[in-house]
Structure formats: C-alpha cells, structure tokens
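J.:
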Amino acid sequence: MMLIFDAMNILGIETSCDETAVAVVSVAAGRPEIRANLVQSQLAEHAPYGGVVPEIAARAHLDHLQSLIREALAAAGLGFGDLDGVAAAAGPGLIGGLIVGTMAAKGIAWAAGKPFVAVNHLEAHALTARLTDALEFPYLLLLVSGGHSQLLICEGVGAYRQLGATLDDAAGEAFDKSAKLMGLPQPGGPMIAAAARGGNPRRFPLPRPMLGRDGCDFSFSGLKTAIRERAVASDLADPRTVADLAAAVELAICDALVDRTAKAVRVFRDRCPAGASLVAAGGVAANTQLRSRLAALAADFGLAFVSPPPALCTDNGAMIAWAGLERLRLGLSDPLDAPVRPRWPLDPDAHTPKPPR
Ligand code: KG4
Ligand code: ZN
3 MMLIFDAMNI LGIETSCDET AVAVVSVAAG RPEIRANLVQ SQLAEHAPYG GVVPEIAARA
63 HLDHLQSLIR EALAAAGLGF GDLDGVAAAA GPGLIGGLIV GTMAAKGIAW AAGKPFVAVN
123 HLEAHALTAR LTDALEFPYL LLLVSGGHSQ LLICEGVGAY RQLGATLDDA AGEAFDKSAK
183 LMGLPQPGGP MIAAAARGGN PRRFPLPRPM LGRDGCDFSF SGLKTAIRER AVASDLADPR
243 TVADLAAAVE LAICDALVDR TAKAVRVFRD RCPAGASLVA AGGVAANTQL RSRLAALAAD
303 FGLAFVSPPP ALCTDNGAMI AWAGLERLRL GLSDPLDAPV RPRWPLDPDA HTPKPPR
C-alpha cells in the first residue's frame, strides 16, 4: 500500500560519479514537486584525462557541494528546519564522492534532527518514473547509464528482479569509449548522437553482440574493438566519415538495447501479466533514437512507454530526493553510521551474466 503523506520536503544529494547535484523535492497533498534541482558538472576538470579521475571527482564534490546545498534550499525557499529528511546517494559509485555526499547529508540530518536516507543510485534511476509519471508497480525497466546496463522488473520500493545485465561494458561506456576512439569529447553519448545527425549508419557495418541470443544479457566489448579498427582505418578529419561512423555506433548500440529489451518484455508479460509499462532510465535513456524505438517496441506489446525527461535521466539530485521520499514514507531511514557501498546491486539474488558458449 502506498502511504500518502500530506506534505514532505526532502533534500537530495548526488555525488556518486562526476556530477555534484542537489535538489529539493516536496510532496503536497500527495503530488510531488521538484522545488530545486541543481547540477554542477565536472566535465572541465576531467577533460584533460579523457575520463573521470576518482580523486579529482571527490575533491570537486567537496568544493561545490556546500554552495549547491545553500542555493538549492534558497531556490526552494526552505531552511534545514523545514526538511523532513536528508537523502544522499550511498552507492554504487566512486567511494570518495560517495563519502563526501553522505557525510554532508549526515551532518545536516544530525544538526537539524532529521532522518537520513542512504539511497541506492540505481534505485533512484529506477524510481524516477514514479516522480514524473506517478507510475504504479510493477513495471519493466531498462536501466542504461555510464556504469550499468540492466533489465529489471520493478515490483516495489526495494524489490527488483534482474532479468539481464552486461557481461562487460555498460551502454553509456560503449558510447563514451567510442567517442574517445573517434576523437570526440565527453560525454560520448550526446556527442555521438549529435555527430550522427545526417550520417549514413550503413556505411560502416558493425557487429551486434548478443543479438537474437537467449536471455536478456548485454555485451558491448566486441563492438568497441570493431569501432577501434574502423576509427584507425578511417579519415576522421572528414566530417562525413565521422557522421557515418557515429551513426553506425548509435544504431549498433540501440539495436542491441532494443533486441535485449524485446526479450525482457516477453519474460515480463509472462511473470507480471498485470504489468502495463516499459520504462527507460539512466543517462543513455536520454537518447532520442533509443526512446522512439523503445516506444515502438512497447506499443507492439500493448505496453505504455515511460521515460523521464532527459534531464532527469542523466544524474541529478531530484531522483535521489525522490527515492529518499519513497523510502521515508514507508518508514525506512538509515542510521548515521550507515556505510557507503561502492558496489550495491539492486537485486542481491541476480545471477552473474556469463558469455554464451
Ligand atoms: O546516468 P548517468 O548520468 O550517469 C551514470 O550513472 O553513469 O549516465 C551517463 C551516461 C554517459 O555514458 C553518457 O554518455 C550517456 O549516459 N548519455 C547518453 C546521452 N546522454 C547521456 N548516451 C546516449 N545518448 C544521449 N543523449
Ligand atoms: Zn546514474
């Protein structure tokens, strides 16, 4: 049963990777509202190294977090005393950043006498569609981000069954590494999508790892190798070549994601006949091609397709605040000595994906 609280204000802090994000989400008369949602990207700090450097990320979170918290509360017109809880991502992610965010949240919670909620970052992505679309459980979720690619049945807060996961790279990582190989800046996903506009996706045939295989697992490492070979053999100073290769990469990754999701939809229909929705979340779910193809897939199976707006698919504080709110209204909070969890699977019973024989 979903408990409806008349009014709640939650502060959410996200520091698990390379975005420092703070938000305030409120519920009034059962309706959620994002009152503030600030994201400070660290792209510039990491750019010289071609990827996220954990130590630099932790220091940058430390530099930005306090002022972002102050700004978010000011934008929401609230003080610490008006909060009903303080939530922070406690994993999975980079340990330094997780410590910075959770320690800040615990400090505020302790000083203001409010409950602290240790949020699983993946659960926050998983629950965002309930913030934006008031979605009921159960639903099928394609969770695709820079660090994770998973298909899950979401049965309730804290109740997830994994149908498939990646054997190697995550979908976002495949985009990011491909961009790097092609000399495009980070984050690779949006850069490849932009470069692909007008490109011919058929000029460079790329493999489709796992396509048509049983099960719902993903694999992207073979694709990366193929892209490396193409990139080395091609003239990347030619804009047409870059557009064609980018279009081929985007199509190959979307093909793989849609094929695996189609398998999962069949499992979902069997296991949850009452389930009515397919949800996409995580940074890669911001991809326009992926969204439209998943919408078509869902329609083929009579499911509704739900995906948060792109700014709520990529990492943000609102999803953390919302996940905290969902847990608090079920009476769930965490002690101030709760640990951070750099590894924290959503489904503890999930099988470890294995390559097909
Ligand atoms: O969820 P997220 O912001 O951070 C993690 O939890 O990892 O996801 C970031 C990932 C990056 O790999 C980025 O390249 C990818 O999401 N991404 C996209 C798009 N926007 C972000 N991939 C494809 N198309 C996009 N429009
Ligand atoms: Zn994320």
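Each residue of the sequence shown is one higher than the one before, counting from 3 in the working numbering. Here a beta-carbon is modelled for each residue, glycine too, at the ideal position from N, C-alpha and C.
1. On the criterion of 16 or more Cβ atoms from any shown chain inside 10 Å, does K356 qualify as buried, or is it exposed?
2. In three-state terms, what does DSSP make of E138?
3. Pop quiz: F220 and R262 are said to be a contact at Cβ under 8 Å. What is the actual Cβ separation, rounded to whole angstroms?
4. Quick check: does the Cβ of C274 come within less than 7 Å of any heavy atom belonging to the ligand KG4?
5. Report all residues from its chain with a CB closer than 8 Å to the CB of K116; omit the five preceding and five following residues, and keep chain order.
6. I need the straight-line Cα distance from A340 to N122, nearest angstrom please.
7. Could you give the DSSP three-state label for I6: helix, strand or coil?
8. Pick helix, strand or coil for D178, following the three-state DSSP scheme.
9. Can you tell which of L13, A74 and I97 has its C-alpha closest to the C-alpha of A1?
10. So, for M3: in the same chain, excluding its five sequence neighbours on each side, which residues have a beta-carbon less than 7 Å away from its beta-carbon?
11. Are P312 and A258 closer than 8 Å when you measure CB to CB?
12. Whose C-alpha, out of T316, A233 and D178, is nearest the C-alpha of S18?
13. Secondary structure at R331, three-state DSSP: helix, strand or coil?
14. Taking 7 Å as the cut-off, does the CB of A190 come closer than this to any heavy atom belonging to the ligand ZN?
15. Below 8 Å CB to CB, which residues in the same chain sit around L96 once its five sequence neighbours on both sides are set aside?
16. Pairing CB atoms from the stretch 221-232 with CB atoms from the stretch 155-166, are three or more of them under 8 Å?
T.: Looking at the coordinates:
1. As a position in the sequence shown, residue 356 is number 354, starting the count at 1. Answer is exposed; the Cβ neighbour count stays below 16.
2. Position 136 of the sequence shown, counted from the first residue, corresponds to residue 138. E138: coil per DSSP, three-state reduction.
3. Reading the sequence shown from its first residue, position 218 is the one you call residue 220. Reading the sequence shown from its first residue, position 260 is the one you call residue 262. That belief holds up - the Cβ atoms of F220 and R262 are roughly 6 Å apart, short of 8 Å.
4. Within the sequence shown, numbered from 1, the residue matching residue 274 stands at position 272. No; taking the cut-off as 7 Å, the Cβ of C274 has no heavy atom of the ligand KG4 nearer than that.
5. Stepping through the sequence shown from its first residue, residue 116 is reached at position 114. Same-chain partners within the cutoff: F82, L85, D86, G87, V88 and I110.
6. In the sequence shown, the residue the question calls residue 340 occupies position 338. In the sequence shown, the residue the question calls residue 122 occupies position 120. One C-alpha to the other measures close to 12 Å.
7. One-based indexing of the sequence shown puts residue 6 at position 4. Reliability fails at I6, whose pLDDT of 49 lies under 50, so the model's placement of it is uncertain and no value is given.
8. The count along the sequence shown starts at 1 and reaches residue 178 at position 176. Here D178 sits in helix by DSSP.
9. Since the first and last residues shown for the chain are 3 and 359, residue 1 lies out of range.
10. Looking up residue 3 in the sequence shown gives position 1. Bear in mind that the predicted position of M3 carries a pLDDT of just 38, short of 50, making it unreliable; the figure below should be weighed with that in mind. There are no such residues.
11. Locating residue 312 in the sequence shown gives position 310, counting from the first residue. Locating residue 258 in the sequence shown gives position 256, counting from the first residue. Against a cut-off of 8 Å, the Cβ pair of A258 and P312 comes out as no contact.
12. Taking the sequence shown and counting its residues from 1, one reaches residue 18 at position 16. If we check each option's Cα against that of S18, T316 comes out closest.
13. Here residue 331 refers to the residue found at position 329 of the sequence shown. Three-state DSSP puts R331 in coil, outside helix and strand.
14. Looking up residue 190 in the sequence shown gives position 188. Note that residue 190 is Gly in the sequence shown, not Ala. For the ligand ZN, not one heavy atom lies less than 7 Å from the Cβ of G190.
15. Taking the sequence shown and counting its residues from 1, one reaches residue 96 at position 94. Around L96: S18, C19, V54, P56, A59, A60 and P344.
16. no
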